[in-house]
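Asker: One structure is given below, represented as structure tokens, and several questions about it will come after.
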Amino acid sequence: MDTHARVVVIGGGITGCAILYHLARKGWKEVVLLERSELTSGSTWHAAGNLFSLTRPSNAQRLQVYTINLYPEIERESGQAVGYHPTGGMHLAASNDEVTTLAIARARARRNGVEAEWITFEEAKERAPVLDTRSLKAVLWEPIKGHVDPSSATNAFAAAARKLGAKIHRHTPVTATTPRADGGWDVETPDGIIHADFVVNAAGLWAREVGALAGIKLPLQPVEHHYLVTDAIPEIEAMDHELPTIGESEAGYYSRQEGKGILLGAYENTCHHWAFDGTPLDFGHELLPNDLARMDRNFEVAMDRMPCLGEAGIKRVINGPMIFSPDLGPLLGPHPELKNYFCACGVMSGLNQGAGIGKVISEWIVDGEPEMDVNFWDVARFGRWAGKRFTFERTKYYYENRQERPYPHLECAAGRPLRTFPAYAAQKARGAVFGFNNGWEQPLWFARQSDEQHDIFGYARQNWWNTVGKECKAVRNAAGLFEISTFAKYRISGDAASGWLRWLLAGRIPERSGAVALSPMLSEKGRLTGDLTVSKLDDGSYLLLGAGTMQGQHMRWFDAHKTPGISVENLSDSWSGLMLAGPSARQILAKVTHSDVSNEAFPFLSVRRMEIEAATDAVVLRVSFSGELGYEIYTPAMYQAGLYDALLRAGADLGLVPAGSRALASLRVEKAFKSWGLDLAPDYTVMETGMDRFVDWKRSGFIGEEAARGHRAQGAVERFVTLTVDADDADCSGGEPVFRDNAYVGYVTSGAYGYATHESLALGYLKSHVAQTGAGFEVEINGKRRAASASNGPRYDPQGLRMRM
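Note that the working numbering has the sequence shown beginning at 12, numbered continuously upward.
Printed below as a string of structure tokens:
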């Protein structure tokens with residue numbers, strides 16, 4: 012047994028073996044994989060092995076395409092067959108909404124060069140003679156679909172890793188993981204202890220148990236999943252080619268050829284959880300008792316599409332456990348509570364994603380950051396608030412609703428409410444319809460008596476569209492009050508705070524108390540890791556504000572770069588926030604405070620401590636995310652309910668209305684203000700986003716400086732623009748492709764209707780050579796191309812006069 016390793020990977024499924032291979036491929040020799048039983052034990056061995064690329068978000072698709080394309084290469088490198096069958100595949104649509112769903116997936120795939128095409132029913136039946144198309148509306152062909160043999164593929168990755176110098180120890184369970192003073196880990200096994208610089212938890216069904224050894228709780232829950240394999244089918248025996256994969260999301264089934272029969276799997280309409288209190292340590296290559304009655308609904312539709320199934324005998328039934336996270340996405344990356352401890356857990360589709368995950372984890376460990384943004388799968392996206400009940404209810408919902416269409420602004424109610432701010436009851440009483448944000452309830456819009464009191468989702472403009480318009484008009488003409496408690500809030504203090512921030516952030520750091528600045532935070536490679544508002548308070552400390560969904564990632568970054576003489580306090584859960592915005596905002600604020608809030612005393616981009624009604628400790632920023640005169644008011648959470656009521660009373664005769672995040676989205680799109688996770692992400696440089704104007708190029712010594720200056724010299728491959736779209740009855744929501752002269756030239760990152768400009772607007776990125784102002788563009792919305800024109804600035808108040816008045 013080795014006594015030292017640079018990395019110990021725990022778990023010998025497809026994901027663990029792919030991580031080991033990619034680490035060795037990057038030149039790291041002392042890398043070891045520990046498997047408690049045999050390779051593929053747990054979930055990998057019984058997986059169906061289906062491969063597909065049409066998914067979201069865009070980078071998830073990139074990782075899946077990478078995985079699929081790597082299989083032939085791994086076969087050559089390892090000298091071992093992987094059982095790769097590039098058959099292509101069909102997505103069936105039996106309703107108009109499903110046709111639109113597939114049209115959207117096809118359009119978004121253009122960004123990654125994935126070409127999916129509509130085919131005729133005749134073409135479909137030629138490729139799949141078993142298919143009956145009479146009840147279908149359309150068929151979408153995805154050339155990259157296929158399947159792979161799970162055991163062969165896993166062992167091929169293992170063999171390729173061994174050839175590169177990696178080591179694998181089977182029948183070697185991990186019994187303890189103990190952090191070392193040097194930042195590494197002691198990984199204990201029955202055969203001895205390995206001193207590891209890094210640990211990767213890729214333990215699959217046992218990821219919870221392995222995590223517990225390190226003192227963490229991972230939001231994961233196994234569920235049962237069925238598929239069956241039929242006896243030989245005459246129609247398939249008569250074919251001169253392999254049957255393509257056939258799936259129908261709306262009906263929750265998938266299928267492919269297995270031998271001369273069909274493998275048919277289903278996401279049943281009743282989720283059955285397994286091993287709620289822990290995965291048995293003696294479980295390995297066993298299966299669970301089957302209950303085919305759970306597949307009745309799926310099987311009935313599948314037989315309608317492939318009548319041969321009704322006559323086929325069943326050769327075998329597989330019911331095996333899979334382990335899911337609350338949103339069914341993997342948990343990847345450094346755990347925010349531990350040093351040098353990486354997660355690669357909750358991988359639902361390991362054969363389809365494993366190599367991409369291996370690439371990401373190896374880059375994160377070796378290079379310090381992955382090549383692409385994977386925040387959507389980052390383990391830090393779930394805080395301690397994601398407990399057992401939440402995980403149980405979310406996994407149940409998403410398993411039973413795998414066919415759910417990706418409607419714009421879709422919200423999931425399962426497991427909620429989980430966390431609420433003090434103003435929640437008052438907001439609910441005023442008609443608030445809530446959404447989910449980092450575990451918190453946040454008002455999306457405020458329903459009026461004539462409205463349905465909930466969201467009605469669809470691809471066209473939804474039931475809240477007119478009411479949100481009224482909220483926006485109130486903000487533009489009078490004032491609106493927004494809940495912003497979900498923003499991340501950090502207090503930075505200490506003698507070295509100013510110098511530390513000048514190193515941590517690329518922007519201008521306020522030197523004068525009472526000043527506010529906007530600053531990008533960059534990685535070593537000069538890519539965005541944060542978009543922060545920095546305020547210097549009167550006691551010399553700093554308040555940093557950022558995207559609430561990035562709280563775990565921010566704190567992980569701060570901790571990794573902490574130096575002596577500074578203190579970082581996360582106020583995000585203990586402090587609340589309200590945003591007062593609109594032409595009447597100053598008058599309203601003046602009615603609830605004795606402080607001077609005139610433009611002269613409290614100008615744009617300044618911060619003040621003040622007492623507001625009973626809130627004796629309020630930090631107020633004069634900033635704007637709406638484009639209007641605005642104030643962000645932060646207080647300890649205990650004051651929020653009273654402050655909310657006080658502001659609404661003070662503004663009752665000045666037109667103040669409660670407003671939600673959908674109104675704020677419209678207002679900020681009119682101003683071309685970028686939002687983290689939509690328009691800003693680690694995929695971008697400051698030059699591409701236009702945030703170079705917030706970088707303090709006059710100074711040196713900030714993280715990512717060398718790379719950022721290189722990007723500045725090279726210029727941007729893409730440019731951020733505003734698009735005005737002839738959208739008809741549906742607005743852009745993100746992901747829509749942009750064309751010029753029928754050529755793909757860019758994509759939308761976010762969109763909304765501009766109620767003040769009376770335009771459907773979108774923000775996005777175009778290739779630099781076409782990113783000039785003018786018409787001639789087209790944006791594809793719901794499968795239809797719409798004329799569009801581009802501009803480089805905001806459509807509303809381009810000079811920014813209203814927020815400075």
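By construction, the Cβ of each residue, glycine as well, lies at the ideal position given by its N, Cα and C atoms.
Everything numeric in this text was worked out from a predicted model, so none of it was measured.
1) In angstroms with no decimal places, state the Cα-to-Cα distance between M306 and R427.
2) Is the CB-CB distance between G588 and E494 below 9 Å?
3) Using the rule of at least 16 other Cβ atoms within 10 Å of the residue's Cβ for burial, across every protein chain shown, is W475 buried or exposed?
4) Measure the C-alpha to C-alpha separation of A323 and A59 and round it to an integer number of angstroms.
5) Quick check on the DSSP output: the beta strand (DSSP E) that includes S800 runs from which residue to which?
6) Using a Cβ distance threshold of 8 Å, determine whether the segment 684-691 contacts the segment 750-762, with at least three qualifying pairs required.
7) Could you tell me the alpha carbon to alpha carbon distance between L239 and V312, rounded to whole angstroms?
8) Taking C-alpha atoms, which residue in Y408, R145 and I79 lies nearest to M314?
9) Please name the residue, chosen from E109, G450, G775 and R679, that lies closest to Y764 on a Cα-to-Cα basis.
10) Is the beta carbon of I714 closer than 9 Å to that of H572?
11) Tell me which residues share the same chain as G785 and place their Cβ nearer than 7 Å to its Cβ, disregarding the 5 neighbours each side in the sequence.
12) When the Cα atoms are used, what is the spatial distance from Q725 to G537?
13) Which of the three DSSP states is assigned to V603 in this structure?
14) If you draw a straight line from the C-alpha of V93 to the C-alpha of L492, how long is it?
15) According to DSSP, is N301 helix, strand or coil?
16) With three or more C-beta pairs closer than 8 Å as the rule, is the segment 166-174 touching the segment 20-31?
17) Is DSSP giving I495 helix, strand or coil here?
18) Would you call the segment 297-304 in contact with the segment 179-193, where contact means no fewer than 3 C-beta pairs closer than 8 Å?
19) Write down the C-beta distance between S595 and A663 rounded to the nearest angstrom, noting that I regard them as a contact closer than 8 Å.
20) Where does V234 fall in DSSP's three states?
21) Is Q72 helix, strand or coil by DSSP?
22) Could you check where the alpha helix (DSSP H) with A187 kicks off and where it finishes?
23) Would you mind stating whether A719 and A517 have Cβ atoms separated by less than 9 Å?
24) Please classify F432 as buried or exposed, where buried requires at least 16 other C-beta atoms within 10 Å of its C-beta.
25) Under the assumption that P255 contacts A139 (Cβ atoms under 8 Å), give the Cβ distance between them as a whole number of angstroms.
26) Leaving out five residues before and five after P154 in sequence, what residues of the same chain have Cβ atoms less than 6 Å from its Cβ?
27) At which residue ranges does the segment 35-83 contain complete alpha helix (DSSP H) runs of 4 or more residues, listed in the order of the chain?
28) Going by other Cβ atoms of all chains shown within 10 Å of its Cβ, with 16 needed for buried, is N793 buried or exposed?
29) Would you call M814 buried or exposed, if buried means 16 or more other Cβ atoms sit within 10 Å of its Cβ?
30) Relative to the C-alpha of T735, which residue among D752, H722 and L772 is closest?
31) Less than 7 Å between C-beta atoms, sequence neighbours within five positions excluded: which residues of the same chain meet that for R751?
32) With burial defined as no fewer than 16 other Cβ atoms inside 10 Å of the residue's Cβ, what is the status of T66: buried or exposed?
33) Check C483 in the structure and name its three-state DSSP category.
34) Express the C-alpha separation of H346 and Y352 in angstroms, rounding to a whole number.
35) Taking one C-beta from the segment 42-56 and one from the segment 189-196 each time, how about it: are there three or more such pairs within less than 8 Å?
36) Using alpha carbons as the reference points, say which of W375, E109 and A440 lies closest to Q460.
Answerer: Walking through what the data contain:
1) Counting from 1 along the sequence shown, the entry for residue 306 is found at position 295. Counting from 1 along the sequence shown, the entry for residue 427 is found at position 416. M306 and R427: Cα-Cα distance of roughly 28 Å.
2) Counting from 1 along the sequence shown, the entry for residue 588 is found at position 577. Counting from 1 along the sequence shown, the entry for residue 494 is found at position 483. It is a contact, given that the beta carbons lie within the stated cut-off.
3) Taking the first residue of the sequence shown as position 1, residue 475 is located at position 464. Flag for W475 reads buried.
4) Here residue 323 is taken as the residue at index 312 of the sequence shown, counted from 1. Here residue 59 is taken as the residue at index 48 of the sequence shown, counted from 1. Computed Cα separation, rounded: 19 Å.
5) Within the sequence shown, numbered from 1, the residue matching residue 800 stands at position 789. Per DSSP, S800 belongs to the beta strand (DSSP E) from K795 to S802.
6) yes
7) For this step, residue 239 is matched to residue 228 along the sequence shown. For this step, residue 312 is matched to residue 301 along the sequence shown. Each residue's Cα considered, the two are about 15 Å apart.
8) To locate residue 314, count along the sequence shown from 1; it is residue 303. Selected option, being the one with the closest Cα: R145.
9) As a position in the sequence shown, residue 764 is number 753, starting the count at 1. For Y764, the nearest C-alpha among the options comes from R679.
10) On the sequence shown, residue 572 is found 561 positions in, with the first residue counted as 1. On the sequence shown, residue 714 is found 703 positions in, with the first residue counted as 1. The answer is yes: Cβ separation under 9 Å.
11) What you label residue 785 is simply residue 774 of the sequence shown in a count that begins at 1. S800 and A801.
12) Start at 1 with the first residue of the sequence shown, and residue 725 comes out as number 714. Start at 1 with the first residue of the sequence shown, and residue 537 comes out as number 526. Roughly 13 Å separates the two Cα atoms.
13) Residue 603 sits at position 592 when you count from the first residue of the sequence shown. V603: coil per DSSP, three-state reduction.
14) In the sequence shown, counting from the first residue as 1, residue 93 sits at position 82. In the sequence shown, counting from the first residue as 1, residue 492 sits at position 481. Cα to Cα, V93 sits roughly 58 Å from L492.
15) Taking the first residue of the sequence shown as 1, we reach residue 301 at position 290. If DSSP states are grouped into helix, strand and coil, N301 belongs with coil.
16) yes
17) Translated into positions along the sequence shown, residue 495 becomes position 484. It is coil, neither helix nor strand.
18) no
19) Within the sequence shown, residue 595 is the residue found at index 584, counting from 1. Within the sequence shown, residue 663 is the residue found at index 652, counting from 1. Contact doesn't hold; Cβ gap of about 11 Å is too wide.
20) What you label residue 234 is simply residue 223 of the sequence shown in a count that begins at 1. Looking at V234 - three-state DSSP - the assignment turns out to be strand.
21) Taking the first residue of the sequence shown as 1, we reach residue 72 at position 61. Correct three-state label for Q72: helix.
22) Along the sequence shown, one-based indexing puts residue 187 at 176. That residue, A187, is in no alpha helix (DSSP H); its beta strand (DSSP E) goes A187 to P190.
23) Here residue 719 refers to the residue found at position 708 when the sequence shown is read from its first residue. Here residue 517 refers to the residue found at position 506 when the sequence shown is read from its first residue. For A719 and A517, yes; Cβs fall inside 9 Å.
24) Residue 432 sits at position 421 when you count from the first residue of the sequence shown. Classification of F432: buried, given that the 10 Å Cβ count is 16 or more.
25) Stepping through the sequence shown from its first residue, residue 255 is reached at position 244. Stepping through the sequence shown from its first residue, residue 139 is reached at position 128. Contact holds; Cβ gap of about 6 Å.
26) Mapped onto the sequence shown, residue 154 falls at position 143. Excluding positions up to five away in sequence, the list reads G99.
27) none
28) Residue numbering aside, residue 793 sits at position 782 when the sequence shown is read from its first letter. Classification of N793: buried, given that the 10 Å Cβ count is 16 or more.
29) Position 803 of the sequence shown holds residue 814. Per the 10 Å Cβ criterion, buried.
30) Numbered from 1 along the sequence shown, position 724 holds the residue referred to as residue 735. Ranking the options by Cα distance to T735, first place goes to L772.
31) By one-based count along the sequence shown, residue 751 stands at place 740. These residues qualify, in order along the chain: V781, G787 and F788.
32) Here residue 66 refers to the residue found at position 55 of the sequence shown. Per the 10 Å Cβ criterion, buried.
33) Residue mapping note: residue 483 aligns to position 472 of the sequence shown, counting from 1. Three-state result, C483: helix.
34) On the sequence shown, position 341 is the one that residue 352 refers to. On the sequence shown, position 335 is the one that residue 346 refers to. So the two alpha carbons sit approximately 6 Å from each other.
35) no
36) Counting from one through the sequence shown, the residue named residue 460 turns up at place 449. That would be A440, whose Cα lies nearest to the Cα of Q460.
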